[in-house]
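Novice: Mind having a look at this structure? Questions to follow.
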Amino acid sequence: MFAQSVFRLRCALWLSAVGILLLLGACAEEPSAIERVQAEGVLRVITRNSPATYFQDRNGETGFEYELVKRFADDLGVELQIETADSLDELFSSLNRENGPALAAAGLVASEGRKQSARFSLPYLQVTPQIIYRNGQPRPTRAQDLLGKRILVLKGSSHAEQLAELKRDLPELQYEESAAVEVVDLLRMVDEGQIDLTLVDSNELAMNQVYFPNVRVAFDLGDSQALGWAVAPGEDASLLNEVNAFIRRAHENGVLDRLKARYYGHVDVLGYVGAYTFAKHLQQRLPRYEKFFRQAAQKNELDWRLLAAMGYQESLWQPTATSKTGVRGLMMLTLRTAQAMGVSDRLDPKQSIDGGAKYIVHVKAQLPESILEPDRTWFALAAYNIGGGHLEDARKLTEAEGLDPNKWLDVQKILPRLSQKQWYSKTRYGYARGGEPVHFVRNIRRYYDILTWVTQPQLEGGQVAVGNMHVPGVNKEKPDEQLPPL
Ligand code: GLU
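Take any residue in the sequence shown, count from 1 to its spot, add 316: that is its number in this note's numbering.
Okay, here's the thing in structure tokens:
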């Protein structure tokens, strides 16, 4: 009995000693990666300055990676600090530097070859590497067709790694790598015929197709690959565990789907042909009218890119467009609207654009004050398309459904009901093609987004930004690298 209690006492003492030692050990230990982030109150993230990752637009910082990583920092309750690397090699060396950024979020393929330089999270996107060629050239369809072609990829990219691997089977394969360009440059070079082919990820192509009318997919090179965020390989797993939990949530709560649709969904919305056509018109037509859009926007305190987006939706930027219903001109004004807005010649592009600008301002001013921006702009577009009366009917139906009549997301769900008797018979203004304003607003928002990305604020000083095809995220300071001949 006595012996047993002594034994228990000893055990207890021993256990507390071990406990104290462990505690001391823990105190002396380095803080974990997540503890460091939390202690500093800052998440430092390294990325690439490109349209698919991070860039500045009319509202400041944006981009797919930026928006996702900003949400992650918000969830952690810390400030986000973005650093950009000039090349992929620089990105990985920064990540591995002492006191370097905690995380890389840069559209990176979690490839085998990167095991030494990065430890990847769960995938947040699946992408397919695609060989890109120029429309009008013979279309390569298999790896053999790459021989003898001038191929350029980003230095240090997953694509360079893939081509190096392919070269083992196809020793005659030649390709070049450049650290002085971004994916948009590669696509532009194919578009303009400066190189024959490039290899990029499907998400980057989907985003940029709308700028490059001649760019086409030749074939997919291999299977789809996972994009992940990365920490330095020597780092403990604490931050990565948080990242993984966040990515799981983002898959579940629809955040990833929404970002994908917004950044990489142009082709889904416009269709492939629509995307090429938009790119062609952006180069060929918009430069002729950009000045008028800018002037009208300035006079009416609007964003010129919104007006330009409306003009594209209305007439594909064609000043002599006419429709059977009697609307005419670049902004497709009815005779009544034109007269009310002081337009004497609807086919004069400058007058048409001025009239359209005045009219949207007028329509917006009629909306109830309870509708706030940015929804107010979308409601104004819907009213421009379908008329204020029908829009008001749809808002009432929306409210009756228990939804919010001041939110475009809710009202657009209900608008199509205006073409169904069971619903429109209960409204004041009756039947309307309620689906139309939904498409109208959706398309304009899409064009508006694209135009905003094409015309970066830092480039706004110059005239005719679009005419010069300033593609977002391209660092214009970077000298154009001269490529050695093959
Ligand atoms: N996703 C590529 C990589 O992981 C970079 C972007 C690209 O080349 O499309 O290296």
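Note that the Cβ used here is the ideal one computed from N, Cα and C, for glycine as well. Predicted, not measured: the structure shown is a model, and the values here were computed from it.
Give the secondary structure of Asn451 by DSSP, where H, G and I count as helix, E and B as strand, and everything else as coil.
Specialist: Here Asn451 sits in coil by DSSP.
Novice: On the criterion of 16 or more Cβ atoms from any shown chain inside 10 Å, does Arg574 qualify as buried, or is it exposed?
Specialist: Exposed, by the Cβ-count rule.
Novice: Which one of Ile702, Asn701, Asp726 has the shortest CA to CA distance from Leu713?
Specialist: Closest option to Leu713, Cα to Cα, is Asp726.
Novice: Compare the Cα-Cα distances from Asp512 to each of Asn530, Asn722, Ala625, Leu521 and report the closest residue.
Specialist: Nearest of Asn530, Asn722, Ala625, Leu521 to Asp512, Cα basis: Asn530.
Novice: Can you look up Arg744 in the DSSP assignment and give me helix, strand or coil?
Specialist: Arg744: coil per DSSP, three-state reduction.
Novice: Could you compute how far the alpha carbon of Glu689 sits from the alpha carbon of Ser433?
Specialist: Going from the Cα of Glu689 to the Cα of Ser433 covers about 45 Å.
Novice: Nearest-angstrom Cα distance between Asp501 and Gln510?
Specialist: Computed Cα separation, rounded: 10 Å.
Novice: Determine the direct distance from the alpha carbon of Lys386 to that of Gly642, and round the result to whole angstroms.
Specialist: C-alpha separation (whole angstroms): 48 Å.
Novice: Looking at the unbroken alpha helix (DSSP H) that takes in Leu556, where does it start and where does it end?
Specialist: That run of the alpha helix (DSSP H) goes 554 to 568.
Novice: Is the closest heavy atom of the ligand GLU to the C-beta of Asp517 under 7 Å?
Specialist: Asp517 Cβ: within cutoff of the ligand GLU.
Novice: Report yes if the CB atom of Lys666 is closer than 8 Å to the CB atom of Phe608, and no otherwise.
Specialist: Cβ atoms of Lys666 and Phe608: closer than 8 Å.
Novice: Taking C-alpha atoms, which residue in Ala418, Thr444, Arg450 lies nearest to Ser437?
Specialist: Ranking Ala418, Thr444, Arg450 by Cα distance to Ser437 puts Ala418 first.
Novice: Leaving out five residues before and five after Pro800 in sequence, what residues of the same chain have Cβ atoms less than 8 Å from its Cβ?
Specialist: Residue placement at Pro800 cannot be trusted, given a pLDDT of 32 that sits under 50; what the coordinates show is reported in the next sentence. Counting only Cβ-Cβ distances below 8 Å, and skipping sequence neighbours, we find Glu492.
Novice: In the structure shown, what three-state DSSP assignment does Leu359 receive?
Specialist: DSSP places Leu359 in strand when its eight states are reduced to three.
Novice: Out of Asp765, Ser554, Asp507, Val547, state which residue places its alpha-carbon closest to the alpha-carbon of Ser628.
Specialist: It is Tyr, not Ser, that sits at residue 628 in the sequence shown. Checked all of Asp765, Ser554, Asp507, Val547; the closest Cα to Tyr628 is Asp765.
Novice: Starting from Leu513, trace the alpha helix (DSSP H) in both directions and tell me its first and last residue.
Specialist: Here Leu513 belongs to no alpha helix (DSSP H); instead the beta strand (DSSP E) covers 513 to 517.
Novice: Which of the three DSSP states, helix, strand or coil, is assigned to Val531?
Specialist: The answer is strand: DSSP assigns Val531 an E or B state.
Novice: For Leu441, count neighbouring Cβ atoms within 10 angstroms of its own Cβ and tell me buried if that reaches 16, exposed if not.
Specialist: Its Cβ being crowded by 16 or more others within 10 Å, Leu441 is buried.
Novice: Taking the beta carbon of Tyr579 as the centre, do at least 16 other beta carbons fall within 10 Å, making it buried, or is it exposed?
Specialist: So Tyr579 ends up on the buried side.
Novice: I want to know whether the region 353 to 373 touches the region 385 to 405 - three or more CB-CB distances under 8 Å.
Specialist: Touching, yes, given that three or more Cβ pairs across the two stretches are closer than 8 Å.
Novice: Taking C-alpha atoms, which residue in Ser348, Glu477, Trp769 lies nearest to Asp552?
Specialist: Asp552 has its Cα closest to that of Ser348, out of Ser348, Glu477, Trp769.
Novice: So for Pro603, helix, strand or coil by DSSP?
Specialist: Pro603 falls in the helix class under three-state DSSP.
Novice: Residues bridged to Ile467 by DSSP?
Specialist: Looking at the DSSP assignment, Ile467 forms a beta bridge with Leu513.
Novice: By how many angstroms is the C-alpha of Arg644 removed from the C-alpha of Thr650?
Specialist: Answer to the nearest angstrom: the Cα atoms are 7 Å apart.
Novice: Does Gln774 pass the burial test, meaning 16 or more other C-beta atoms within 10 Å, or should it be called exposed?
Specialist: Caution is warranted here: a pLDDT of 37 is assigned to Gln774, below 50, making its placement in the model unreliable, and no coordinate value can be reported.
Novice: To the nearest angstrom, report how far apart Gln655 and Lys471 are at their CA atoms.
Specialist: When rounded, the distance between both Cα atoms is 58 Å.
Novice: Just to check, is the beta-carbon of Gly423 closer than 7 Å to a non-hydrogen atom of the ligand GLU?
Specialist: Gly423 Cβ: within cutoff of the ligand GLU.
Novice: Can you give me the C-alpha to C-alpha distance between Leu556 and Asp391, rounded to a whole angstrom?
Specialist: Roughly 14 Å between the two C-alpha positions.
Novice: From Tyr449 to Lys465, what does the alpha carbon distance come to, in whole angstroms?
Specialist: Looking at the two C-alpha atoms, the distance is approximately 10 Å.
Novice: Would you tell me roughly how many angstroms separate the C-alpha atoms of Gln600 and Gly570, rounded to the nearest one?
Specialist: Near 37 Å, if we compare the C-alpha coordinates of Gly570 and Gln600.
Novice: May I ask you to report which of helix, strand or coil DSSP gives Glu381?
Specialist: The answer is helix: DSSP assigns Glu381 an H, G or I state.
Novice: Express the C-alpha separation of Leu486 and Gln634 in angstroms, rounding to a whole number.
Specialist: Cα-Cα distance, rounded: 49 Å.
Novice: Would you say Glu381 and Thr363 are within 8 Å of each other, going by their C-beta atoms?
Specialist: Cβ distance < 8 Å, so Glu381 and Thr363 count as in contact.
Novice: Ser631 to Glu414, Cα distance in whole Å?
Specialist: The alpha-carbon atoms of Ser631 and Glu414 are separated by roughly 56 Å.
Novice: Assign Gln372 to one of three DSSP states: helix, strand, or coil.
Specialist: Residue state, collapsed to three classes: strand.
Novice: With which residues is Asn365 paired in a DSSP beta bridge?
Specialist: Bridge partners of Asn365: Tyr370.
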